[in-house]
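Here the structure comes first, spelled out in structure tokens, and everything after it is commentary.
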Amino acid sequence: MTRFDYDLITIGAGSGGVRASRMAGKYGAKVAVIEHSRVGGTCVMRGCVPKKLLVIGAHFGEYIDDARGFGWTIDGATHDWPALIAAKDKELDRLEAAYKNLLTGAGNTLVQGHGVLADAHTVEVNGKRLTAEKILIATGGWPVVPEIPGREHMITSNEALDLKQRPQRIVIFGGGYIAVEFAGIFRALGSEVHLVIRASHVLRGFDGDVRAHLQNELIKKGIKIHASRKISSVTKSGAVFTAALDDGSALMVDCVMSATGRAPSTAKLGLKEVGIALNDKGAVVVDGWSGSTVQNIFALGDVTDRINLTPVAINEGRMFAETQFNKNPMRMDYANIASAVFSQPPVSVVGLSEEDARKTHDVAIFRTSFKPMIHTLSGRDQRTLMKLVVDKKSDRVLGCHMVGDDAPEIIQGLAVALKAGATKSQFDATVGIHPTAAEEFVTMREPVSTPTPGGEKK
Ligand code: NDP
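Everything in the sequence shown is counted per the working numbering, starting at 3 for the first residue and increasing by one.
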């Protein structure tokens, strides 16, 4: 008979916490899952899922326009933002119920409340003390709003997903994933969109060609990019907000959104008090087994600030459960994890950027930019970019990059190739599917002789 109430207490019912808890339950562990908000966490309730539904919803506007070039007459098309939000909310309700069922179906006990560590084996929630042999911190992250005057007037992605009305004019601060994704949603639905970025280009950390190409496509769609600028203050007068920029100019809009990054949710959990080390960003410091500095306490997902992507958290959760509850030690391999930005057009990449690869390899670059077939008749001025970064010595493909329709669907397959160590000769030996955009990835024969136009972006 165990001296604890549970084998595992998980704090946080997001993607990582749910996967770990479900699997631990399946392997016979007695598990309690504590969640103070909606079951499903950031990805399902406030991130990937609702965002992608809005991206899909917004993109119909372009499909309608593009259809004219193919003989369709579609007059009087209008969009109903509250209807889209209501449909999205209905789907989130369904998903939350499904996630709850997954937990209870695995024998887990769901406790709605805010859990705080009292000691290394005890969590206080709703005035009760629950004990467990092992504790898992899976509390995710939360948007950071910059410390500027008027910051209280800024919304974040949390609120942007629930706006009662679509703003006619919006300024978004930041140039990362969330900023470009929401800029695309609002622009596609007809809003005037300003993107204020402190760098010269969006998506710092991505390949320079990708950054330049996407930025150009966003501008072509009418997004006004204020590069190398910051918002210095926000004021409100009636229903109008004024975002003052650091060059002395000002933008008058109906909504100001901050998308300047996310921070690990580690406050008010009693972590430091029980001896859990946090890094300088406030993330839980973990080893390769997701173990914290306290022997029986583990952490995974965004709260550890490793690679902040849902499928990574899910896999960390799976491996934690295998290791701790199924006598099957598994460690996460963080190499060649594909990712996507659901901008319009979308970006997807796997492996190294040209800039990162050049630091350690002698590389050959293969690059193509073309008008996708749909736009030969639609008339839309949109180009797709594809790029391969190849190690000259081993011929291995180090990075695949794409900006264009269906990029995430295409790159997912290439991620398998990179995981398997594919060489450029093997890409060349692969016969393409015609006519597709994807076939370009196996028909780029000649390396480009010129370096990345413009060099590394700041
Ligand atoms: P990101 O880290 O992607 O981007 C933050 C942006 O804010 C950058 O452009 C950064 O500028 C800017 N910024 C940061 N601090 C300041 C500041 N003080 N003043 C001005 N600008 C600032 O964060 P996001 O919030 O977009 O997303 C958070 C994370 O969530 C992502 O990194 C990703 O891991 C995950 N995510 C993944 C998605 C996906 O997989 N599709 C979708 C959404 C989020 P600079 O470029 O100069 O550093």
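Using N, Cα and C, we set each Cβ at its ideal position, and we do this for glycine too. Note that this is a predicted model, so its numbers are computed, not measured.
With DSSP as the reference, please indicate the residues paired to residue i in a beta bridge.
i, result
"Cys402", "Val352, Leu390"
"Asp121", "Thr124"
"Gln1", "The requested residue 1 is not part of the displayed model; the chain covers only 3 to 460."
"Ser260", "Phe175"
"Phe368", "Leu390"
"Phe300", "Leu138, Gly293"
"Trp144", "Ala265"
"Met254", "Thr244"
"Glu194", "Arg171"
"Ala342", "Ser350"
"Ile157", "Met259"
"Ile227", "Leu197"
"Arg131", "Glu126"
"Ile13", "Ile36, Ile139"
"Ser235", "Ala246"
"Val286", "Leu280"
Give a single yes or no on whether residue i has its beta carbon closer than 6 Å to a heavy atom of ligand 1.
i, result
"Tyr179", "yes"
"Phe285", "A small fix is needed here, since residue 285 is Ala in this sequence, not Phe. Incorrect: Ala285 has no Cβ contact closer than 6 Å to ligand 1."
"Val148", "The question names Val, but residue 148 in the sequence shown is Pro. Indeed, a heavy atom of ligand 1 lies less than 6 Å from the Cβ."
"Leu216", "no"
"Arg200", "yes"
"Asn103", "no"
"Lys232", "yes"
"Ala261", "yes"
"Arg206", "yes"
"Arg264", "yes"
"Asn310", "yes"
"Gly176", "yes"
"Val399", "no"
"Val305", "no"
"Val343", "yes"
Skipping 5 residues on each side, what residues in its chain have a beta carbon closer than 8 Å to that of residue i?
i, result
"Gly457", "Annotation note: pLDDT 48 at Gly457 (below 50); position unreliable, coordinate value reported separately. Around Gly457: Gly210."
"Pro449", "Ala366, Ile367, Phe368, Val392"
"Ile412", "Ser350, Met404, Ala439, Ala440, Phe443"
Roughly how many whole angstroms lie between the Cα atoms of residue i and residue j?
i, j, result
"Ala246", "Ile199", "13 Å"
"Glu183", "Thr4", "48 Å"
"Val127", "Ile11", "11 Å"
"Glu321", "Ile278", "The amino acid occupying residue 321 in the given sequence is Met; Glu does not appear at that position. Roughly 21 Å separates the two Cα atoms."
"Pro145", "Ala269", "14 Å"
"Gly18", "Gly42", "9 Å"
"Gly415", "Gly177", "27 Å"
"Ser427", "Leu400", "13 Å"
"Ile76", "Asp68", "10 Å"
"Gly59", "Thr237", "31 Å"
"Arg96", "Asn103", "11 Å"
"Phe443", "Val433", "10 Å"
"Val46", "Glu318", "17 Å"
"His377", "Phe62", "15 Å"
"Val343", "His203", "15 Å"
"Leu271", "Asn160", "21 Å"
"Val113", "Lys32", "13 Å"
"Ala315", "Asn281", "19 Å"
"His436", "Met375", "11 Å"
"Thr295", "Lys136", "13 Å"
"Asn298", "His123", "8 Å"
"Arg40", "Ala15", "8 Å"
"Asp358", "Ile339", "15 Å"
"Glu149", "Phe429", "48 Å"
So, for residue i: in the same chain, excluding its five sequence neighbours on each side, which residues have a beta-carbon less than 6 Å away from its beta-carbon?
i, result
"Pro151", "Ser235"
"Cys257", "Pro169, Ile172"
"Val147", "Arg153, Met156, Ser260"
"Ser371", "Arg385, Leu387"
"Ser380", "Asp68, Gly71"
So, for residue i: in the same chain, excluding its five sequence neighbours on each side, which residues have a beta-carbon less than 7 Å away from its beta-carbon?
i, result
"Gly423", "Arg398"
"Asn330", "Glu324"
"Ala265", "Gly143, Trp144, Val146, Lys283, Gly284"
"Arg382", "Asp68"
"Ile187", "Leu56, Val57, Ala60"
Measuring from the CB of residue i, is there a heavy atom of ligand 3 at a distance below 6 Å?
i, result
"Arg213", "Although ligand 3 was asked about, the structure shown includes only ligand 1 as ligands."
Beta-carbon of residue i versus every beta-carbon of chain D: anything under 7 Å?
i, result
"Ala419", "Within the model displayed, chain D is absent; a lone protein chain is all it includes."
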